[in-house]
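Note sheet for the following structure.
Protein chains: 2
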Amino acid sequence: MRLSSMADYAVVAMVAAARQCPTAGADGDARARANAGQLALETGLPAPTVQKLVSRLVAAGLLTSARGAGGGLALARDAHDISLADIVEAVEGPIALTPCVEGISHDCAPGLGCSVRPHWPVVNEALRLALSGVPLTRLMTPQDDVDMVQ
Amino acid sequence: MRLSSMADYAVVAMVAAARQCPTAGADGDARARANAGQLALETGLPAPTVQKLVSRLVAAGLLTSARGAGGGLALARDAHDISLADIVEAVEGPIALTPCVEGISHDCAPGLGCSVRPHWPVVNEALRLALSGVPLTRLMTPQDDVDMVQ
DNA sequence: TAAAATAAGACCGAATCAATCCGATTTAAA
DNA sequence: TTTAAATCGGATTGATTCGGTCTTATTTTA
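Going down the list, the protein sequences come from chains A and B. Residues 1 to 150 in the UniProt record's numbering are what the first sequence spells out, letter by letter. Residues 1 to 150 in the UniProt record's numbering are what the second sequence spells out, letter by letter.
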């Protein structure tokens, strides 16, 4: 039930990216793009780690990258349209509490016929829904007033 | 985002326990209690693993145990009142996606003052709510018709 | 054309986790 | 009183994954 450190760091890195390139993407590539080194400096994370993170985030379509001198990173879409679920899935893959769903095998309980298995997709979807409800913009606000969610 | 194997097995073990001791607790200790060995046989899990699991489940108050010959296990309360959240918390501890909440330290991003941290409790509570909505009785049904939630 | 700056991928050490085993304690039955 | 059965607790071993570092390839500017 714990998030992997990489996913945890990815959330922090995305918040930092959203601050440095507030609404990139719309105004072309002429903007001042933030690079991985600047993100590492702001977040305090080791630079190679941030580089590996942005690689996955770019591959997942959450960030856009420009190579070469003067290159850097930019948010692929508006920060309001990026949720926690997007970031977690970009780093950890599909949201699934158990490996039952992915592969065909993994017979943890062959004797039962595993009556539990058919119910996992429902739980996974509920979790995904909960994470989808948290946009990146909410994580950017430094205030600590807890916004009551039911 | 993956459940630990122990928590995964605990869910299967609890389902098996709920089948062998349908509604124990009310009718005293005179019932036929299932022991850890029988649960291991039915679930296909290794016996030592099941023993360690039931230890934690008893400590968490989900199962009651009777030591000595003729002893065994019984559900502490009705299967309908035991949720996925209870089982996960019994094995893994409090539901928290990041270690930020528990301890005071763990400064993953000292530069930012970690604007993300105050928002984690909200996410954790949402996840806990999703898991609390799945009672043990639902997991016992062997049918694979997906009951639409949402 | 050359140099510099960037992203992207491969490699390796380390830590956590899962699984197993062994002993101690307790209770019921013979 | 003795024996057997069953839980409880800790300690050990092995493996998988995670985190970090390094090297390579590509692109842009001067």
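Glycine residues also receive a C-beta, built at the ideal position from the N, C-alpha and C atoms. Owing to the predicted nature of the structure, the values given are computational and were not obtained by experimental measurement.
query                                                                                                                                                 : result
Excluding five sequence neighbours on each side, which residues of the same chain lie with their C-beta closer than 8 Å to the C-beta of I95/A?       : A85, V88, E89, N124, L127, R128, L131
Can you find a C-beta in chain A that's less than 8 Å from the C-beta of T137/B?                                                                      : no
Roughly how many angstroms separate the alpha carbons of L136/A and H80/A, rounded to a whole number?                                                 : 6 Å
Quick check: L62/B and A74/B, are their CB atoms within less than 8 Å of each other?                                                                  : no
Cα separation between A76/B and T98/A?                                                                                                                : 26 Å
Could you check how far apart the C-beta atoms of Q20/B and Q38/B are, in whole angstroms? I think they sit under 8 Å.                                : 7 Å
Which chain B residues sit within Cβ distance under 9 Å of T49/A?                                                                                     : The premise fails here: T49/A is roughly 11 Å from chain B at the closest Cβ pair, so nothing lies under 9 Å.
D81/B CB to nearest chain A CB: under 8 Å?                                                                                                            : no
Could you tell me whether any Cβ in chain A is nearer than 8 Å to the Cβ of V58/B?                                                                    : no
Going by DSSP, what residue range makes up the beta strand (DSSP E) through G72/A?                                                                    : 72 to 75
Under 8 Å between C-beta atoms, does I87/A make it to chain B?                                                                                        : no
Going by C-alpha to C-alpha distance, which of G71/B, R117/B, A40/B, Y9/B sits closest to V116/A?                                                     : Y9/B
So, at 6 Å on beta carbons, what are the nonlocal neighbours of R138/A in its own chain, with the 5 sequence-adjacent residues on each side left out? : none
Between T141/B and chain A, is the shortest Cβ-Cβ distance under 8 Å, so that the two count as touching?                                              : yes
Which value, in whole angstroms, describes the spacing of the CA atoms of R2/A and E92/B?                                                             : 9 Å
For L39/A and chain B, any beta-carbon pair shorter than 8 Å?                                                                                         : no
Taking only beta-carbon atoms, is M1/A less than 8 Å away from chain B?                                                                               : yes
Return the CA-CA distance between G71/B and S55/A, expressed in angstroms with no decimal places.                                                     : 56 Å
Using the beta-carbon count (16 or more within 10 Å), is T43/B buried or exposed?                                                                     : buried
Would M140/B pass as a contact of A40/B if the rule is Cβ separation under 8 Å?                                                                       : no
A60/B lies in the beta strand (DSSP E); which residues open and close that run?                                                                       : Careful: A60/B lies outside any beta strand (DSSP E) and carries neither H nor E.
Determine the burial state of S5/A: buried for a count of at least 16 other Cβ atoms within 10 Å of its Cβ, exposed for fewer.                        : exposed
What did DSSP end up calling P46/A once you bin it into helix, strand or coil?                                                                        : coil
Counting only beta-carbon separations shorter than 8 Å, does V54/B have a partner in chain A?                                                         : no
Use the C-beta contact count for R33/A: other C-beta atoms within 10 angstroms, 16 or more gives buried, fewer gives exposed.                         : buried
Terminal residues of the continuous alpha helix (DSSP H) containing T98/B?                                                                            : T98/B -> no alpha helix (DSSP H), and no H or E assigned at all.
With distance defined between alpha-carbon atoms, name the residue in M14/A, H119/A, P118/A, G133/A nearest to V58/A.                                 : M14/A
Below 8 Å on C-beta distance, what does S115/A contact in chain B?                                                                                    : V15, L139, M140, T141, P142
Counting only Cβ pairs nearer than 8 Å, list the residues of chain B close to A10/A.                                                                  : Near A10/A there are no residues of chain B at all, since even the closest Cβ is about 11 Å away, more than 8 Å.
Rounded to whole angstroms, what is the Cα-Cα separation between A7/A and I82/A?                                                                      : 14 Å
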